[in-house]
Amino acid sequence: MMDLTTLVPGLQDARVEVYDEFSRYRGLPLLSFVDAAGREHVYGGRRIVPQPETMPEVARVTVRDGDRLDNVAAVQFGDARWWWRIADANRALAPTALTGPQALGRGLRITLPEGVPLPRQG
Numbered sequence: 007m008m009d010l011t012t013l014v015p016g017l018q019d020a021r022v023e024v025y026d027e028f029s030r031y032r033g034l035p036l037l038s039f040v041d042a043a044g045r046e047h048v049y050g051g052r053r054i055v056p057q058p059e060t061m062p063e064v065a066r067v068t069v070r071d072g073d074r075l076d077n078v079a080a081v082q083f084g085d086a087r088w089w090w091r092i093a094d095a096n097r098a099l100a101p102t103a104l105t106g107p108q109a110l111g112r113g114l115r116i117t118l119p120e121g122v123p124l125p126r127q128g
């Protein structure tokens, strides 16, 4: 496996985080494999989606005409980049299934998974 900390002098003892604080992939390991031609391919490890039942519900939002998950996240969490938290809490493989004409009137669970920090305000 390629050690990304060796690419920058002085980082051998530091942990390099390749995903930002809003990414659902933050904290996942970087893995690699070598193909038949000897080329190394680096990829992110698999993300296991938490069970919604383990996430405490802090609010419920009713889907209205024109709603989008990023806009709901912006209102509920203070940042649109956390739309995936709503998708996880509502078992959505396709986030678009949670909004739109087919979802009007549906209640969306708003949760804060254990270990996930509160969004910054401002």
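Heads up, the sequence shown is in the working numbering, so the first residue is 7 and it goes up one at a time.
Every residue, glycine too, gets a C-beta built ideally from N, C-alpha and C.
For residue i: DSSP bridge partner residues
| i | result |
| --- | --- |
| E46 | V40 |
| T117 | E63 |
Cutoff 8 Å; reference residue i; Cβ partners in own chain excluding five residues on either side
| i | result |
| --- | --- |
| L104 | V69, L75, I92, A93, N96, A98, R112 and L114 |
| L110 | V69, R70 and D71 |
| G51 | L34, P35, L36 and L37 |
| P58 | D94, A95, N96, R97, R115 and T117 |
Where residue i sits in the DSSP three-state scheme
| i | result |
| --- | --- |
| T102 | helix |
Contacts around residue i, its chain only, beta-carbon distance under 6 Å, and the 5 residues preceding and following it disregarded
| i | result |
| --- | --- |
| Q82 | I116 |
| P107 | none |
| V55 | D94 |
Status (buried if at least 16 other CB within 10 Å, exposed otherwise) for residue i
| i | result |
| --- | --- |
| S37 | Inspection of the sequence shows that residue 37 is occupied by Leu rather than by Ser. Exposed: under 16 other Cβ atoms inside 10 Å. |
| D41 | exposed |
| D71 | exposed |
| A79 | buried |
Integer-rounded CB distance, given that residue j should sit under 8 Å from residue i
| i | j | result |
| --- | --- | --- |
| P101 | W89 | 7 Å |
| Y31 | R53 | 6 Å |
Residues of its chain near residue i, where Cβ-Cβ distance is below 7 Å and the 5 sequence neighbours each way are ignored
| i | result |
| --- | --- |
| V64 | I116, T117 and L118 |
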